[in-house]
Amino acid sequence: MKLFTKKLSLLMGLLLLAATGTVWAGEGNNIDTGATAWMLTSTALVLLMIPGLAMFYGGLVRTKNVLGTMMHSFAAMGVMSVIWAVVGYSMCFGDNVLGGWFGWNPDYIGLRGIDTSIMEGGVPEYVFTMFQGKFAIITPALIAGAFAERVSFKGYMVFIALWGLLVYNPLCHWVWAEDGFLFNLGANGAIDFAGGTVVHISAGISGLVAALYIGARRGFPITSMPPSNLVMTMIGAGLLWVGWFGFNAGSSVTSGLSTAQALTATQVAAASGALTWLIVEGWHQGKATALGFASGILAGLVAVTPAAGVVQPMGALALGAIASVICYLAILLKNRLGYDDSLDAFGVHGVGGIVGALLLTFFIRDSWMEEAAAAAGGSWTVMQQFGVQALAVLIAIVYAAVLTLVLLWIINKFIPMRAKTNDEMKGLDDSYHGERAYGMISPH
Amino acid sequence: MKLVTAIIRETQLEAVRTSLIEAEITRITVSSVSGHGRQVREEIYRGRKVIPGLIPKIKIEVAVNDDYVQTTIDAIIKGAKTTDNGYDGTVGDGKIFITPLEETIRIRTGEKGSSAI
Chain V
7 MKLFTKKLSL LMGLLLLAAT GTVWAGEGNN IDTGATAWML TSTALVLLMI PGLAMFYGGL
67 VRTKNVLGTM MHSFAAMGVM SVIWAVVGYS MCFGDNVLGG WFGWNPDYIG LRGIDTSIME
127 GGVPEYVFTM FQGKFAIITP ALIAGAFAER VSFKGYMVFI ALWGLLVYNP LCHWVWAEDG
187 FLFNLGANGA IDFAGGTVVH ISAGISGLVA ALYIGARRGF PITSMPPSNL VMTMIGAGLL
247 WVGWFGFNAG SSVTSGLSTA QALTATQVAA ASGALTWLIV EGWHQGKATA LGFASGILAG
307 LVAVTPAAGV VQPMGALALG AIASVICYLA ILLKNRLGYD DSLDAFGVHG VGGIVGALLL
367 TFFIRDSWME EAAAAAGGSW TVMQQFGVQA LAVLIAIVYA AVLTLVLLWI INKFIPMRAK
427 TNDEMKGLDD SYHGERAYGM ISPH
Chain L
-19 MKLVTAIIRE TQLEAVRTSL IEAEITRITV SSVSGHGRQV REEIYRGRKV IPGLIPKIKI
41 EVAVNDDYVQ TTIDAIIKGA KTTDNGYDGT VGDGKIFITP LEETIRIRTG EKGSSAI
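So the sequence lines, in the order shown, correspond to chains V and L.
When we follow the working numbering, the leftmost residue of the first sequence carries the number 7, and every step to the right adds one.
When we follow the working numbering, the leftmost residue of the second sequence carries the number -19, and every step to the right adds one.
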């Protein structure tokens, strides 16, 4: 899925073609066991992020909403995996249809045509599609943080299914499919290594739109809404950090140099983001909170997601730190403006994603810029690439915002997105699931 | 002086606190309790309906001077009674107990009686 990996494998494929005169695409590829092993591991690591997110979000809501909130993440594993196997992969990685709005390939419907397919990098296509499918799960699950504690379960289920089909799949196609228009923007494409625009900006912006559309929680902002269990949130943040190695380093779809570069950038950015948040908060509030550290981890990881393939460690360090400061300010601004993005899906993922996708331009390693210059036929400047990044970000923002608003409006006609007042007061756990998070059979 | 003890639904705590604050009664103690009453509450466990033996409730305690007893009672009822869906209160809304209070002492100053409340 990544630019220079694709270019590299294309180059290798051409060399192979020249050397042997055989057709290199399709089923004739040999399996690269090393790359396949790492991609299998990455696939599992990205899946681990979803229970991680469930714990992160679950710990931040009030006790009466813990299970309902965790179910937002878990339900996405069900809904999005089914959709992915049936049409999602085809819509994301098929050939352009409807003027490139999304992809389509009859062989990919129900994944029936890839039973024996091995990709040019030596990885079975099943592994690639399952790896990509995990991204389609976590993206709508991230949105749930914006309207936590007040969304109806039925409305949420319908929303993520339609959102996955009409927002995620087209965006994914534009950015990562070889005939996607953002993949081919500018000299060497818009850079989105592991999902800054596709995953974080789209989820963050959609979350903001949904939070505004559905409205604030009852009693917000007067009633205090204390987190039910910050220990669980910390464990969740830890799992997210670990899983992110699959998310970023796996996005090289190989097991080699570019994997190592992405892995290093990921670790450095997460650490610098967390540390920066701690320092800023310690200076501003007088206390360095555990939740602040966890938020900083996320801000750093989100910012490095689009950048992991093109920045060197010091660039990642700067990106993590800058994103952390800007996300911190964004959350202060949110409190000022008074909208209820409950768990800061926009504040961290939307803002962090935008910061990462734009500012990565200033930290791109020279070899990438030389490659872009060669592709452009002479020269390619940082500002030209910045223009490409800004355009890609703008397109993602506008598309996600408009489609989300339209979807919410339509769904709301049939299934109210907002929980009934009494259900909200009782809590999502009891109202929608008939359960309690803690002490079910004998309370206390 | 009286001690007003109310057992209410967990879900109504927010509403009761709001109405008490509106009635300018701001010194309260809240605890999580569980017990038996007439209310039956179902939970689902692996597709089976389960009726837990004890139902979780919230206990609110307010120590007040005699003049304020009625205000407190009214505020608690206003917040604790479930009146949505056309009901005028439902089984499980809770109870209020009033007990005479012999003495109140503020620890910091040692002052006693009405002014210490």
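The C-beta atom is built at its ideal place from N, Cα and C for all residues, glycine as well.
Which one of the options has the shortest CA to CA distance from residue i?
i: residue 236 of chain V; options: V:418, V:310, V:64 and V:423; result: V:64
i: residue 470 of chain V; options: V:345, V:210, V:310 and V:309; result: The question about residue 470 of chain V has no answer here: the residues shown for chain V are numbered 7 through 450.
i: residue 75 of chain V; options: V:390, V:158 and V:129; result: V:158
i: residue 403 of chain V; options: V:96, V:360 and V:274; result: V:360
i: residue 153 of chain V; options: V:385, V:441, V:353 and V:416; result: V:353
i: residue 316 of chain V; options: V:185, V:438, V:257 and V:166; result: V:257
i: residue 244 of chain V; options: V:297, V:423 and V:208; result: V:297
i: residue 255 of chain V; options: V:397, V:68 and V:312; result: V:312
i: residue 84 of chain L; options: L:97, L:32, L:74 and L:78; result: L:97
i: residue 400 of chain V; options: V:356, V:238, V:240 and V:81; result: V:356
i: residue 14 of chain L; options: L:-11, L:-3, L:43 and L:-4; result: L:-11
i: residue 173 of chain V; options: V:160, V:145 and V:185; result: V:145
i: residue 156 of chain V; options: V:347, V:50 and V:139; result: V:347
i: residue 249 of chain V; options: V:263, V:264 and V:273; result: V:273
i: residue 373 of chain V; options: V:49, V:418 and V:318; result: V:318
i: residue 411 of chain V; options: V:370, V:289, V:165 and V:282; result: V:165
i: residue 135 of chain V; options: V:303, V:438, V:329 and V:92; result: V:92
i: residue 163 of chain V; options: V:49, V:438 and V:398; result: V:438
i: residue 328 of chain V; options: V:283, V:194 and V:396; result: V:283
i: residue 43 of chain L; options: L:-1, L:79 and L:-13; result: L:79
i: residue 275 of chain V; options: V:189, V:406 and V:322; result: V:322
Taking residue i as part of the alpha helix (DSSP H), name the residues at either end of that continuous run.
i: residue 80 of chain V; result: 72 to 89
i: residue -18 of chain L; result: Counting along the chain, residue -18 of chain L falls outside any alpha helix (DSSP H), though it belongs to the beta strand (DSSP E) covering -18 to -12.
i: residue 15 of chain L; result: Here residue 15 of chain L belongs to no alpha helix (DSSP H); instead the beta strand (DSSP E) covers 9 to 15.
i: residue 52 of chain V; result: 39 to 66
i: residue 129 of chain V; result: Where residue 129 of chain V is concerned, there is no enclosing alpha helix (DSSP H), given that its DSSP letter is neither H nor E.
i: residue 441 of chain V; result: First-last for residue 441 of chain V: undefined, no H or E at that position.
i: residue 58 of chain L; result: 49 to 60
i: residue 185 of chain V; result: Looking at the DSSP string, residue 185 of chain V is not in any alpha helix (DSSP H), and its letter there is neither H nor E.
i: residue 218 of chain V; result: 208 to 220
i: residue 428 of chain V; result: 427 to 432
Closest Cβ-Cβ distance between residue i and chain L: below 7 Å?
i: residue 184 of chain V; result: no
i: residue 432 of chain V; result: yes
i: residue 31 of chain V; result: Low local confidence applies: a pLDDT of 45 at residue 31 of chain V is under 50, so the model's placement there is unreliable, and no value is given.
i: residue 440 of chain V; result: yes
i: residue 435 of chain V; result: no
Is there a Cβ of chain V sitting closer than 7 Å to that of residue i, yes or no?
i: residue 24 of chain L; result: yes
i: residue -9 of chain L; result: yes
i: residue 92 of chain L; result: no
i: residue -18 of chain L; result: no
Could you check how far apart the C-beta atoms of residue i and residue j are, in whole angstroms? I think they sit under 8 Å.
i: residue 170 of chain V; j: residue 89 of chain V; result: 6 Å
i: residue 251 of chain V; j: residue 51 of chain V; result: 6 Å
i: residue 271 of chain V; j: residue 336 of chain V; result: About 23 Å separates the two Cβ atoms, so there is no contact after all.
i: residue 55 of chain L; j: residue 3 of chain L; result: 4 Å
i: residue 131 of chain V; j: residue 120 of chain V; result: 4 Å
i: residue 58 of chain V; j: residue 242 of chain V; result: 5 Å
i: residue 246 of chain V; j: residue 62 of chain V; result: 6 Å
i: residue 219 of chain V; j: residue 339 of chain V; result: Actually they are not in contact, since the Cβ atoms of residue 219 of chain V and residue 339 of chain V sit about 20 Å apart, beyond 8 Å.
i: residue -15 of chain L; j: residue 39 of chain L; result: 7 Å
Just reading off the beta strand (DSSP E) that residue i is part of, what are its end residues?
i: residue -6 of chain L; result: Looking at the DSSP string, residue -6 of chain L is not in any beta strand (DSSP E); the run it does join, the alpha helix (DSSP H), is -7 to 2.
i: residue 102 of chain V; result: 101 to 103
i: residue 28 of chain L; result: 28 to 30
i: residue 23 of chain L; result: 23 to 25
i: residue 44 of chain L; result: 35 to 44
i: residue 386 of chain V; result: Run containing residue 386 of chain V: none; DSSP gives neither H nor E here.
i: residue 110 of chain V; result: 108 to 110
i: residue 348 of chain V; result: Segment: none, residue 348 of chain V is in no beta strand (DSSP E) and carries neither H nor E.
i: residue 77 of chain L; result: 74 to 80
Applying a beta-carbon distance threshold of less than 7 Å, which residues of chain A neighbour residue i?
i: residue 75 of chain V; result: The structure shown contains no chain A; its protein chains are V and L.
### Task
Could I get the ranges of all uninterrupted alpha helix (DSSP H) runs contained in the segment 223 to 263 of chain V, with 4 residues as the minimum, in chain order?
236 to 255
#### Entry: Ordered list of alpha helix (DSSP H) runs contained in the segment 143 to 177 of chain V, each at least 4 residues
159 to 169
### Message
Please give me, in chain order, every unbroken run of the alpha helix (DSSP H) with length at least 4 that falls completely inside the segment 279 to 322 of chain V.
### Response
List check, alpha helix (DSSP H) in window: 296 to 310.
### Query
In the segment 353 to 424 of chain V, which residue ranges form an unbroken alpha helix (DSSP H) of at least 4 residues, counting only runs that do not cross its ends?
357 to 365, 372 to 382 and 388 to 420
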